[in-house]
Amino acid sequence: MRTSTTWLVTAAAVVVAVVGMVAAPVRAANPAIFGRHWIDANCNGVYDDGEAPITGVSVYLYRFGADGVPFTSDDRQLHVLGLYYGGAKMGWYEDDADSSRMLTDERYRLSILQGGRPAGYIPTKYRAGDDPSRWSSLQSNWTTGDLPNKGFAIDPNASVTGGNIGIAPESCTAQWYTEHVYLPLTTK
225 MRTSTTWLVT
235 AAAVVVAVVG
245 MVAAPVRAAN
255 PAIFGRHWID
265 ANCNGVYDDG
275 EAPITGVSVY
285 LYRFGADGVP
295 FTSDDRQLHV
305 LGLYYGGAKM
315 GWYEDDADSS
325 RMLTDERYRL
335 SILQGGRPAG
345 YIPTKYRAGD
355 DPSRWSSLQS
365 NWTTGDLPNK
375 GFAIDPNASV
385 TGGNIGIAPE
395 SCTAQWYTEH
405 VYLPLTTK
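The sequence shown begins at 225 in this note's numbering and counts up by one.
See below:
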């Protein structure tokens, strides 16, 4: 009888030990979100030297909600990323994200709200050319309802995630289909 009592106590201790081992969320060490923002004046989908930066646009960082689906009511807007309009970083957006907000086990998205886009401009061609450092990562939600960007995760072993934003005059052929556009980001 004593042996079974000992076994029960040991089993209870094992259960307590296993429950106590639930991992805390891993926070990204030094997350930074960055990318180029420009007006694609010649509508080729590629950043060409000398093309002007976008002004008057807000880029928002969101965390997916518990349902894991982007653009639903449980998504949380974390903050607005800064755009540089002058100086050495002119033409870039950047945010040294507060690591307390960036969890490696969550999914994130960047959005430019439809109402925030510059009048007379639309997304330029997506990933045109063969140089990822010069193409636009900006996508819109096509009328089929597909979500081209399933979001991005923060890699705990990397410090930077980024994507480029290119917009073009409305005379180009791309269109804004919905309220949001998406930046599928890649770890550099």
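Built from N, CA and C at the ideal position, the CB exists for glycine as well.
Quick caveat, the model's predicted, so the values are computed rather than measured.
Query	Result
Beta-carbon spacing of F257, L285 below 8 Å	Correcting the residue identity first, residue 257 is Ile in this sequence and not Phe. Their beta carbons are under 8 Å apart, which means I257 touches L285 by this criterion.
DSSP state of Y345 mapped onto helix, strand, coil	strand
C-beta atoms of E394 and Y345 nearer than 8 Å	yes
Secondary structure, beta strand (DSSP E): runs of 3+ residues fully inside the stretch 259-336	283-287, 300-307, 316-319
Expected contact under 8 Å - CB spacing of G390 and W262 to nearest Å	6 Å
Beta-bridge pairing of P393 - partner residues as DSSP gives them	Y345
Straight-line Cα distance separating D291 from W316	32 Å
Among M314, V283, E330, E318, the one whose alpha carbon lies nearest that of P294	E330
Of the residues G311, D264, V270, the one placed nearest I278, counting alpha carbons only	D264
Given L305 as reference, the closest of S282, T296, D299, F288 once Cα atoms are compared	S282
Rounded Cβ spacing between T348 and G269 (contact assumed at less than 8 Å)	5 Å
Sequence-distant residues of its chain with Cβ nearer than 7 Å to M314 (five each side left out)	P277, Y308
Residue nearest to R300 in terms of C-alpha spacing, selected from E318, Y332, D273	Y332
Option nearest S357 by Cα separation, candidates L334, C396, N388	N388
A343 burial status per 10 Å Cβ neighbour count (16 or more: buried)	exposed
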